[in-house]
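Chemist:
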Amino acid sequence: MSGPAKADPGPADGSRGAQAARWVDADGVHIDVRGLAAPAPLVAILALVATIRDATAVIVHHERDPKMLYPELAEIGWKAERIDAPPGEVRLKLTAVAAES
Amino acid sequence: MKLAAGAFLAGATSRLLPASIPFRYFGAAVAYHLLAWIALLPDAGASPRFTGGLGWRLAALHLVTLGVLVMSAMGASLQLLPIATRQPVRFKRAPAAIWWLYTPGVGAVALGMGTGAALLLVAGATAVAVALLAYAALIARNLLGAKGMPAVTAHCWVALASLLVTLVTALSLACTYLGAPLLERGTALALHVAFAPYGFMGMLVLGLSYILIPMFALSAGPDVRNALLSCAFAVAALLLAAAAALGVVPPLARSIAIALAGVAVALHLLLMRTALRTGMRRGLGRSFRLVRMAWALLVASLIVALGVALGAPMGGIATLFGLLVIVGWLLSFLLGILQRIVPFLGAMHAARGRKPAPTPSALTAARPLAVHFWCHVAALALLALAILTDGARLAVAAALVGATGAAAFGVFFAGVIRRMRRPPPPSQARVAQIA
Ligand code: HEM
Chain P
0 MSGPAKADPG PADGSRGAQA ARWVDADGVH IDVRGLAAPA PLVAILALVA TIRDATAVIV
60 HHERDPKMLY PELAEIGWKA ERIDAPPGEV RLKLTAVAAE S
Chain B
0 MKLAAGAFLA GATSRLLPAS IPFRYFGAAV AYHLLAWIAL LPDAGASPRF TGGLGWRLAA
60 LHLVTLGVLV MSAMGASLQL LPIATRQPVR FKRAPAAIWW LYTPGVGAVA LGMGTGAALL
120 LVAGATAVAV ALLAYAALIA RNLLGAKGMP AVTAHCWVAL ASLLVTLVTA LSLACTYLGA
180 PLLERGTALA LHVAFAPYGF MGMLVLGLSY ILIPMFALSA GPDVRNALLS CAFAVAALLL
240 AAAAALGVVP PLARSIAIAL AGVAVALHLL LMRTALRTGM RRGLGRSFRL VRMAWALLVA
300 SLIVALGVAL GAPMGGIATL FGLLVIVGWL LSFLLGILQR IVPFLGAMHA ARGRKPAPTP
360 SALTAARPLA VHFWCHVAAL ALLALAILTD GARLAVAAAL VGATGAAAFG VFFAGVIRRM
420 RRPPPPSQAR VAQIA
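For the record, the sequence lines run as chains P and B.
71 is the number that numbering that gives the first Met the number 0 gives to position 72 of the first sequence; each next residue is one higher, with no gaps.
422 is the number that numbering that gives the first Met the number 0 gives to position 423 of the second sequence; each next residue is one higher, with no gaps.
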């Protein structure tokens with residue numbers, strides 16, 4: 000699976016359909032939830048995380064700090080780390096805690 | 000930069016309202032919940048078929064509506080709407096100031112109603128009204144910048160407009176007892192009973208449900224067109240109910256308004272059912288048993304409202320309607336959602352500094368919630384029976400069981416706060432290590 004190198008941030012009003020773009024790169028499975036209205040980003044990210052059975056990381060492209068995601072991630076034993084991103088984007092790397100220990 | 004979930008959340012909290020804001024609203028709601036059940040006791044000898052007027056039963060009713068429903072809805076919306084609408088928190092001090100005005104105001108309203116002190120009632124009502132207008136201004140500012148959530152914002156706008164009707168009629172009703180009503184009492188009461196529970200609280204609850212239910216069930220957002228259609232039917236129902244209350248359309252219009260509200264509710268519940276059926280999270284537990292019960296009683300409240308509108312010959316039917324809409328629907332729903340939201344927000348806030356964030360489930364004590372659930376259901380059933388049989392002793396039993404449930408809910412709430420402050424168990428400490 001491979002996808003756009005640069006995801007479409009959606010229309011100017013900030014809204015987009017309920018679809019999050021996903022693609023695979025060397026550093027993990029990417030998901031772009033920019034432009035989705037709450038709670039679609041949370042649901043899309045957790046749906047992707049639920050499909051991962053190994054140590055693959057999930058890279059999230061977000062337009063804001065997904066505050067509601069963290070309690071949900073902690074609940075399923077995953078953690079988030081913020082990684083470098085272009086201005087205006089919040090990029091997170093999600094990994095399973097058990098996969099690291 | 001490499002942070003674990005808990006520690007990263009600490010960075011995120013800087014753009015959140017401090018935990019003390021939502022938690023002071025929730026704490027006050029928990030205390031007023033207990034006081035509401037206790038307030039049913041002083042007039043326990045009287046017939047449970049309440050027919051209006053000042054007294055401790057009206058005080059108990061408003062301890063629930065203002066003290067629990069509006070209080071917790073304010074706490075949750077002030078915290079969640081800026082996140083959901085992607086808006087910064089602009090006036091950071093306002094939510095605390097509003098709480099300081101609103102909370103004693105509710106106490107004064109209840110005391111004024113209970114003791115028949117009309118001046119105290121009017122003073123409390125004025126404080127409550129000013130606080131709610133300030134709250135409305137904060138929410139309106141937020142909604143103006145909301146992106147991509149038309150159904151939620153449409154419902155919230157209708158709720159804010161209904162709040163204005165609620166406040167005008169509330170002040171008018173309170174002033175009736177000073178001998179200076181703004182509107183004729185019957186008209187004000189008819190508007191108040193439609194616009195306060197259904198228009199203000201109801202539309203707020205239906206609108207926020209389009210975020211909260213998919214968020215807890217982990218499902219896709221509901222179909223926006225159907226959610227807006229539901230909103231349109233609700234608006235039509237409220238406008239027709241208002242016209243009937245003002246006497247500009249024949250009384251039959253009340254029944255048509257209730258039928259329109261029925262369509263709005265049916266559409267809403269279909270969307271909620273889809274969200275729950277398609278959600279990734281299936282076991283939603285006891286909190287959602289309360290939510291499902293609340294939805295069933297919302298439908299029941301409309302059926303009984305139709306009975307009231309058509310003059311059904313059944314003793315206590317108007318009181319039964321009030322019980323179903325306020326306790327059956329709104330209180331059950333709010334308490335169901337509150338027991339999920341409090342630990343969730345607790346987990347969001349608990350990751351201060353570099354401490355790991357506890358999970359929502361680690362903050363939740365199940366046993367007090369089980370006690371609360373059964374007491375709430377039993378108290379509701381006892382009150383309904385008391386109204387149907389006109390049995391004063393059953394109402395006393397309901398008050399005592401309800402108070403036990405409210406105390407258990409208080410234990411749950413205190414437990415969340417205690418656990419938020421406690422250092423994490425070693426198994427969790429690993430999750431939040433700074434790499
Ligand atoms: C400033 C806030 C409020 C004040 C001062 C207030 C005041 C009053 C007063 C004085 C009455 C008694 C009318 C009478 O019998 O003469 C009344 C009735 C009622 N209020 Fe409120 N109210 C307020 C807010 C609310 C809210 C937010 C709700 C619901 C969410 C609500 C629900 C009701 C209901 C259902 C009744 C009818 C009771 C009955 O006679 O069966 N009120 N209110």
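Beta carbons are placed, not taken as given, at the ideal position from N, Cα and C, and that holds for glycine.
1) Compare the C-beta of residue 83(B) with all C-beta atoms of chain P and state if any pair is closer than 8 Å.
2) At the 8 Å Cβ level, is residue 147(B) part of the contact set with chain P, yes or no?
3) Could you work out which residue in 235(B), 309(B), 303(B) is closest to residue 316(B) when comparing CA atoms only?
4) So, is the C-beta of residue 219(B) closer than 8 Å to a C-beta in chain P?
5) Return no unless some Cβ of chain P is closer than 8 Å to the Cβ of residue 294(B).
6) Hey, out of 193(B), 146(B), 65(B), whose CA is closest to residue 107(B)'s CA?
7) Express the C-alpha separation of residue 92(P) and residue 75(P) in angstroms, rounding to a whole number.
8) Check whether the region 157-168 of chain B and the region 96-114 of chain B touch, using three or more Cβ-Cβ pairs below 8 Å as the test.
9) So is the beta-carbon of residue 435(B) under 7 Å away from any non-hydrogen atom of ligand 1?
10) Compare the beta carbon distance of residue 204(B) and residue 150(B) with 8 Å and say whether it is the shorter of the two.
11) Quick check: what's the CA-CA separation for residue 229(B) versus residue 237(B)?
12) So does residue 165(B) have its beta carbon nearer than 7 Å to some heavy atom of ligand 1?
13) Run down chain B in chain order and give the residues with a C-beta less than 7 Å from the C-beta of residue 74(P).
14) Taking a contact to mean a Cβ-Cβ separation below 8 Å, would you say residue 153(B) touches residue 259(B) in this structure?
15) Given a limit of 8 Å on CB to CB distance, which residues of the region 359-386 of chain B reach chain P?
16) What in chain P is Cβ-close to residue 15(B), meaning under 8 Å?
17) Can you tell me whether DSSP reads residue 417(B) as helix, strand or coil?
18) In angstroms, rounded to a whole number, what distance separates the CA positions of residue 102(B) and residue 63(P)?
19) Quick check: does the Cβ of residue 184(B) come within less than 7 Å of any heavy atom belonging to ligand 1?
20) For a contact defined as C-beta to C-beta under 8 Å, what are the partners of residue 279(B) on chain P?
21) If I follow the unbroken alpha helix (DSSP H) through residue 388(B), where does it start and stop?
22) Just checking, does the region 64-78 of chain B make contact with the region 321-331 of chain B on the three C-beta pairs under 8 Å criterion?
23) Where do the N-terminal and C-terminal ends of the beta strand (DSSP E) with residue 77(P) fall, by residue?
24) Would you check if the distance between the CB atom of residue 252(B) and the CB atom of residue 268(B) is smaller than 8 Å?
Modeler: In short, the structure shows the following:
1) Residue 83(B) sits at position 84 when you count from the first residue of the second sequence. For residue 83(B), the answer is yes, since a Cβ of chain P falls inside 8 Å of its Cβ.
2) As a working note, residue 147(B) is residue 148 in the second sequence. Interface residue, yes.
3) Counted from its first residue, the second sequence places residue 316(B) at position 317. It is 303(B) whose Cα lies nearest to the Cα of residue 316(B).
4) For the purposes of this step, residue 219(B) is identified with residue 220 of the second sequence, where counting begins at 1. Chain P, which has a Cβ nearer than 8 Å to the Cβ of residue 219(B), makes this yes.
5) In the second sequence, the residue the question calls residue 294(B) occupies position 295. Using a CB distance cut-off of 8 Å, residue 294(B) does not count as an interface residue toward chain P.
6) Within the second sequence, residue 107(B) is the residue found at index 108, counting from 1. Nearest C-alpha to residue 107(B): 65(B).
7) What you label residue 75(P) is simply residue 76 of the first sequence in a count that begins at 1. What you label residue 92(P) is simply residue 93 of the first sequence in a count that begins at 1. Distance between residue 75(P) and residue 92(P), taken at the CA atoms: about 15 Å.
8) Judged by pairs of C-beta atoms under 8 Å, the region 157-168 of chain B does not touch the region 96-114 of chain B, as fewer than three such pairs exist.
9) As shown, chain B starts at 0 and ends at 434. That puts residue 435(B) outside it, with no answer to give.
10) Residue mapping note: residue 204(B) aligns to position 205 of the second sequence, counting from 1. Residue mapping note: residue 150(B) aligns to position 151 of the second sequence, counting from 1. The answer is no: Cβ separation not under 8 Å.
11) As a position in the second sequence, residue 229(B) is number 230, starting the count at 1. As a position in the second sequence, residue 237(B) is number 238, starting the count at 1. Distance from the CA atom of residue 229(B) to the CA atom of residue 237(B), rounded to whole angstroms, is 12 Å.
12) Mapped onto the second sequence, residue 165(B) falls at position 166. Short note on residue 165(B): C-beta closer than 7 Å to some heavy atom of ligand 1.
13) On the first sequence, position 75 is the one that residue 74(P) refers to. Chain B residues near residue 74(P): 358, 359, 360.
14) Counted from its first residue, the second sequence places residue 153(B) at position 154. Counted from its first residue, the second sequence places residue 259(B) at position 260. Their beta carbons are not under 8 Å apart, which means residue 153(B) does not touch residue 259(B) by this criterion.
15) Residues 359, 360.
16) As a first step, residue 15(B) is located in the second sequence; it is residue number 16 there, counting from the start. Against chain P, the beta carbon of residue 15(B) has neighbours under 8 Å at 66, listed in chain order.
17) Looking up residue 417(B) in the second sequence gives position 418. Three-state DSSP puts residue 417(B) in a helix.
18) Numbered from 1 along the second sequence, position 103 holds the residue referred to as residue 102(B). Numbered from 1 along the first sequence, position 64 holds the residue referred to as residue 63(P). One C-alpha to the other measures close to 33 Å.
19) By one-based count along the second sequence, residue 184(B) stands at place 185. Distances from the CB of residue 184(B) to the heavy atoms of ligand 1 include at least one below 7 Å.
20) Counting from one through the second sequence, the residue named residue 279(B) turns up at place 280. Result: 42, 45, 46, 49.
21) Mapped onto the second sequence, residue 388(B) falls at position 389. Counting along the chain, the alpha helix (DSSP H) containing residue 388(B) begins and ends at 365-388.
22) In short, these stretches touch, since the Cβ pair count reaches three.
23) Indexing the first sequence from 1 puts residue 77(P) at position 78. Taken as a continuous stretch (DSSP letters only), the beta strand (DSSP E) holding residue 77(P) covers 77-82.
24) Looking up residue 252(B) in the second sequence gives position 253. Looking up residue 268(B) in the second sequence gives position 269. The answer is no: Cβ separation not under 8 Å.
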